[in-house]
Amino acid sequence: MNQSFTTFQDFRKRYPIRPNDKEALLGSGSYGRVIKVEDQIDTEWVAIKISEFKGNDTKSLRAEVELAKRVPPQTNIARYDACYRFETDTSVSDFAIMKYYPDGNLADLLRKAPLTPTQIYDITQGILLGLQHLHKIRIVHRDFKPANILISRDNAGRFIPKIADFGLSRLVSEDELDSSDFDLSDGRGTPSYKAPEQIEGSRVSFNLDLWAFGVILYEIMTGEKPFKSDLRNSSEQSVRREIEKRIITVQLPARLDHIAEPYQAMIRRCLVRDIHERVRKEDELLDLLDSIPQLLVDARKLVNAQRYDEAHDLFDQILAKREQNTEALNGVEQCRKAIQERKITELLTEAGRLVAQQLFEPAKSCYEQVLGSEPTHEVAIRGLAFCIEQLRPQPKVEEPELTDAYGTDAYIEERTDVFEEPSSPVITPPVAKHKPTIETNLPPKRVASPSAQREVAPLPPVLPPVTTTPGRIFPWKIIVPAAIVLGGLVWGINSFSTKTSSSKKIDSVSTAGSSPDAGTKPDVPAGSSKTGVIEPKPGESKEALDRRIDVALGKARQANQRKDYDRVIGLTSSALQLDPDRKDVANLYKAAIDAKKAMATGPQTLSVTPQVESPRPPVPEPTKPDENKTKEDANSKRLKEKQLQQETYDELIEEGVKAITSGNNKAKAIDAFSKAQVLAKEHDLNTAKADVAFTKYMAKANNIFATDEFEGAKEWYKVARALKDTEEVRRKIKQSTNQ
1 MNQSFTTFQD FRKRYPIRPN DKEALLGSGS YGRVIKVEDQ IDTEWVAIKI SEFKGNDTKS
61 LRAEVELAKR VPPQTNIARY DACYRFETDT SVSDFAIMKY YPDGNLADLL RKAPLTPTQI
121 YDITQGILLG LQHLHKIRIV HRDFKPANIL ISRDNAGRFI PKIADFGLSR LVSEDELDSS
181 DFDLSDGRGT PSYKAPEQIE GSRVSFNLDL WAFGVILYEI MTGEKPFKSD LRNSSEQSVR
241 REIEKRIITV QLPARLDHIA EPYQAMIRRC LVRDIHERVR KEDELLDLLD SIPQLLVDAR
301 KLVNAQRYDE AHDLFDQILA KREQNTEALN GVEQCRKAIQ ERKITELLTE AGRLVAQQLF
361 EPAKSCYEQV LGSEPTHEVA IRGLAFCIEQ LRPQPKVEEP ELTDAYGTDA YIEERTDVFE
421 EPSSPVITPP VAKHKPTIET NLPPKRVASP SAQREVAPLP PVLPPVTTTP GRIFPWKIIV
481 PAAIVLGGLV WGINSFSTKT SSSKKIDSVS TAGSSPDAGT KPDVPAGSSK TGVIEPKPGE
541 SKEALDRRID VALGKARQAN QRKDYDRVIG LTSSALQLDP DRKDVANLYK AAIDAKKAMA
601 TGPQTLSVTP QVESPRPPVP EPTKPDENKT KEDANSKRLK EKQLQQETYD ELIEEGVKAI
661 TSGNNKAKAI DAFSKAQVLA KEHDLNTAKA DVAFTKYMAK ANNIFATDEF EGAKEWYKVA
721 RALKDTEEVR RKIKQSTNQ
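Using full-length UniProt numbering, you'd call the opening residue of the sequence shown number 1 and step up by one each time.
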């Protein structure tokens, strides 16, 4: 459209202006006229503003267009396409070309029909966003009124206000910006929309335009101006003075009390005489428009009542409208931590209950969920390790004294059910017919070993029964003498057997009361030494040797309970020769030596009071096979690696969230989220943090999409897709692109 023209005739060929066509006239005033013209090249309607050049270039239409070009593009700011200065038949004039809006300006719209609540909201929000944009680049409009707000529509038919006509606008210098107010006191502007400081010619500030906004908002809500004259048939000058008087004294109409909130509060914040008491920023009015202050109050009440889920939802609603609201951002973080702590407490309580019931699998799941939220939680780490240990298959524990499962050559004592340990406190050995010889230096007598009491006197032979043949005469004379002789023989045999048995028992008791060296020991199995020591085997592994030592240690402890200290010393001594570092074996060896010395110096007695048998120590658990240990190490390594990957994943998610919250850096966030997503897929990680962020950004994108800001929504959908690539988010991105 920026075509260069050398003459006014060339310009009219493309834009055939018809000055006398009343239907083509869109508006007129002190600035000139606005005419609707059809572009002959683009075949579309345009609006051409025509203003006569009076020699002062700073106040010309061209200067206005140049100022408007300095405004960065924004939805609620109208833009000029080009401006040309031509000499016509009557004068030199500036011709500014801009887009044609069929709905006209806000003044035209208000005359047609009352606006709906949605239309009022859209127009109010758009005007404030446009003013905010102008004030950020230090431009004060100074002639803000409905006629200077053009009305456009989006694809859905919703109204979009666009601020235009910068003829009286002023760019505030850096020096003027340093103070809270500055001097723009030329008194120009439309009377009904002038602020008190404009009328009085005093210093002004950016909120000069916000006074005019309050007047416009009152007019939108009621259809009339808040400051008007009651004079009838008076001159224009009198009416103007009456209006200015009401403005300076800020005589607000009673009808203001009947305007609905939040619009009433917004008008009251704008129509304040003192510029320092009047609203200073558009942000405050935008917050009132969206009820942000009330939402914050409600959210804080919910936080104080520890209703964190509901408070979190309210803070999210605020952030959907104000992404950088600091109080809402802090509230979301506070609620998130509180909800997470509550969830962790519930999971740990449930896990403890399950462990008490020995339900280790569901308890393990609870601990894993805790670590998914807080990977360094010590209680959860210990609980998970305990559950894993309990769920690991336990090897079958075998009795080492019954079965030598590991092929050791240690002596395995034979057991029978003949001997029973007497329960009486004092055991008196049987008295022999011949008093045994006892040395004076012998240690106290010990209870006869089970092997010595296993001998049982042989039973007398059983004779076959005597039978008679029926029907025959029994030969008494022959049988009776033979029976007497036979009976004598049987008696003699039994008598001799009884004596032999008694003699053996006496010898056995005498042997039991002698020194340990004189005692009779059972035969040692083949392959073992006479003392039951452990012989080293060539090429034997450390694990196998430890297992053999554990078996021997168990036997030594049993011998220690029987006070067979020589056997204890023999077993522990040989075990220490194979592994001198075994402290448990060394302690038992020393205890046996001390006990043996104590017995050697103790008093002699025939009656021995047995020690109350202490609980048998648990049989040492055999070391797990190498294969199980290897699997155990591998599982532990995998778990540790997964925990490290989980920590990296959570750090990436937090990095992305921080990039959004601190500087709205979506590119950095997408990069971090994408890396985290790849990591989660490779290692099957817990994505709880990503799920929370995905839900938040999807909600934000959906809210923006609902306002038809498709480009902005698309950017947020991309952020969500970096967290979780779902069919829904891909569809939304496609919809945003096609709009």
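Even for Gly, the Cβ is constructed at its ideal location relative to N, Cα and C.
Three or more beta-carbon pairs separated by less than 8 Å link the stretch 66–85 to the stretch 113–131, which places the two stretches in contact.
Around the beta-carbon of H135, 16 or more other beta-carbon atoms lie within 10 Å, marking it buried. For F166, the closest alpha carbon among the candidates L285, V71, E715 is that of V71.
Straight through space, the alpha carbons of D581 and L571 are spaced by roughly 15 Å. Relative to N560, the option among L576, S541, I593 whose CA is nearest is I593.
Between A667 and I653, the beta carbon gap of about 16 Å keeps them out of contact (Cβ cut-off 8 Å).
Closest option to E310, judged by alpha-carbon separation, among W45, M221, D287, R336: R336. Looking at the DSSP output, L150 bridges to N105, K162. Across the set L256, R203, P191, the C-alpha of P191 shows the shortest separation from the C-alpha of K228. Across the structure, I344 and V370 are spaced so that their CA atoms are roughly 6 Å apart. Three or more Cβ pairs closer than 8 Å define a contact, and the stretch 720–736 meets that threshold against the stretch 688–695.
Here R33 carries a strand assignment [DSSP, helix/strand/coil]. Remark: C-beta atoms of Q739 and D708 approach each other more closely than 9 Å. Here the alpha carbons of D257 and Y263 stand approximately 11 Å from one another. Nearest C-alpha to D283 among G372, M266, D298: M266.
In this structure, D94 keeps its C-beta atom at 9 Å or more from the C-beta atom of E38. Its Cα nearest to that of A688, the residue E647 stands out among E647, Y717, Q334, R12. Of the candidates V303, L295, K301, L295 places its Cα closest to the Cα of A320.
Residue environment for I484: exposed (fewer than 16 other C-beta atoms within 10 angstroms of its C-beta). Taken in chain order, the complete alpha helix (DSSP H) segments of 4 residues or longer contained in the stretch 534–578 are 542–561, 565–578. When rounded, the separation of the alpha-carbon atoms in K542 and D650 is 43 Å. When C-beta atoms of the stretch 52–67 are compared with those of the stretch 99–118, fewer than three pairs fall below 8 Å, so the two segments do not count as touching.
The beta carbons of Q119 and R158 sit closer together than 9 Å. E23 and F5 have their C-alpha atoms roughly 27 Å apart.
Per the coordinates, the alpha-carbon of D584 lies some 35 Å from the alpha-carbon of G352.
Taking every protein chain shown into account, the CB of V678 has fewer than 16 other CB atoms within 10 angstroms, so this residue is exposed. Looking at S28, R255, V46, the one whose alpha-carbon comes closest to that of P16 is V46. Nearest to F206 by C-alpha distance, out of A720, V279, I220, A598, is V279. Around the CB of S235, fewer than 16 other CB atoms lie within 10 Å, so the residue is classed as exposed. The three-state secondary structure of K99, taken from DSSP, is strand. Note on S662: under 16 other CB atoms within 10 angstroms of its CB, so exposed under the neighbour-count rule.
For the 9 Å CB-CB criterion, F315 and A212 do not form a contact. When only Cα atoms are considered, R246 and A722 end up about 58 Å apart. The shortest CA-to-CA distance from G712 to any of G223, R731, T737, A690 is the one to T737. Between A586 and L578, the beta carbon gap of about 12 Å keeps them out of contact (Cβ cut-off 8 Å).
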